[in-house]
Amino acid sequence: MTVTLRLNDVRVAYANHRELHTVVDGFTMSLEAGRIGCLLGPSGCGKTTVLRAIAGFEPLRAGSIHLDEQLLSSPQRHLPPEQRHVGMMFQEYALFPHLNAAQNVGFGLRRLGEADRRARVAAMLKMVGLEDAGARYPHELSGGQQQRIALARALAPSPALLMLDEPFSNLDVDTRERLAHEVGEILRSAGQTAVLVTHNEAEARAMGDEIAWMNAGRLVRQEMLREKTRPDEG
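The opening position of the sequence shown corresponds to residue -8 in the numbering used here, with each subsequent residue numbered one higher.
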């Protein structure tokens, strides 16, 4: 079993005057490579805080976070976000309006040579089914197409972990569930390890392989949606 992400007894708390306000307390979970895990729960339950802690935007008061056996966070160690090999995708697509789709996808690939960058961009656009949309600008794309471009941009640098924070909440209900299913299939075909944060159970079930239910900063139960693939099954 290859465990890519591991959180052990994670605690995140904020100073509030002279007291500490605990947002996440004793949170433990692990996610195997190539799996999509969903953090599901009501607004304010701490799921986005967990995501931000993994990304390196929130320090830990207790516990630890490991990615591919590397210690990312503990009370004694805090690896900067840019050194974590983690990709982020938010509900605000944050596409650059003055760049076309191909330029948006290639934005994080500036260290590659021109030919390699073009090839990677073309591969990402094909992966999300928009290989003919590279010359179009964000305002010329539908909401679902913009989200696919945002996904391609997040995947282009080959992150060890992709995190998605309520990525479909700006879309209508039908488009949201359909796109969640499609994005899940894209990530599985790419073998991408990912964590989705959502308060929408239908969305979690359409996209995820497993669900971690949260309430009041704690993990309350876990549910397996799709069986893990054994090595001899590909």
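Beta carbons: idealized from backbone N, C-alpha and C, even for Gly.
- Looking at the backbone, the Cα of Arg212 and that of Gly54 are separated by about 19 Å.
- Closest in alpha carbon position to Glu194, among Phe18, Asn(-1), Leu(-4), Cys29, is Cys29.
- Excluding its 5 nearest sequence neighbours in each direction, Asp16 has C-beta neighbours in its own chain below 7 Å: Arg2, Gly208, Arg209, listed in chain order.
- One thing to note: Leu121 has its Cβ within 7 Å of the Cβ of Arg139.
- Uninterrupted beta strand (DSSP E) stretches at least 3 residues long and entirely within the segment -2 to 41 occur at 10 to 23, 27 to 31, given in chain order.
- The segment 7 to 21 and the segment 173 to 184 do not touch, with fewer than 3 CB-CB distances between them shorter than 8 Å.
- When the five nearest sequence neighbours on each side are left out, the beta carbons in the same chain lying within less than 7 Å of the beta carbon of Thr40 are those of Val3, Val14, Val15, Glu49, in order along the chain.
- In this structure, the straight-line span from the alpha carbon of Trp204 to that of Glu173 is close to 22 Å.
- Secondary structure in the segment 101 to 177: the alpha helix (DSSP H) runs of 4 residues or longer, each lying completely within the stretch, are 105 to 118, 134 to 146 in chain order.
- The secondary-structure analysis by DSSP pairs Arg209 across a beta bridge with Asn206.
- Note that the C-beta distance between Leu22 and Leu(-4) is below 7 Å.
- DSSP places Ala85 outside any beta strand (DSSP E), giving it a letter other than H or E.
- When the beta-carbon positions are compared, Pro150 and Val77 come within less than 7 Å of each other.
- Within the same chain, Leu51, Ile56 come within 6 Å of Ser64 by CB-CB distance, once the 5 residues on both sides are set aside.
- Taking the C-beta atoms as reference points, Gly135 is found nearer than 7 Å to Leu170.
- Across the set Pro88, Pro72, Tyr128, Ala143, the C-alpha of Ala143 shows the shortest separation from the C-alpha of Ala113.
- Sequence-distant partners of Ala46 (beyond 5 residues in either direction) whose C-beta falls short of 8 Å from its own C-beta, in its chain, are Pro72, Arg75, Val77, Met79, Met154.
- Per the C-alpha coordinates, the member of Met20, Lys38, Arg217, Pro129 positioned closest to Leu187 is Lys38.
- For Gln74, there is no enclosing alpha helix (DSSP H), as DSSP marks it with neither H nor E.
- Rounded to the nearest angstrom, the gap between the Cα atoms of Leu103 and Gly97 is 10 Å.
- The DSSP-derived three-state label of Glu214 is strand.
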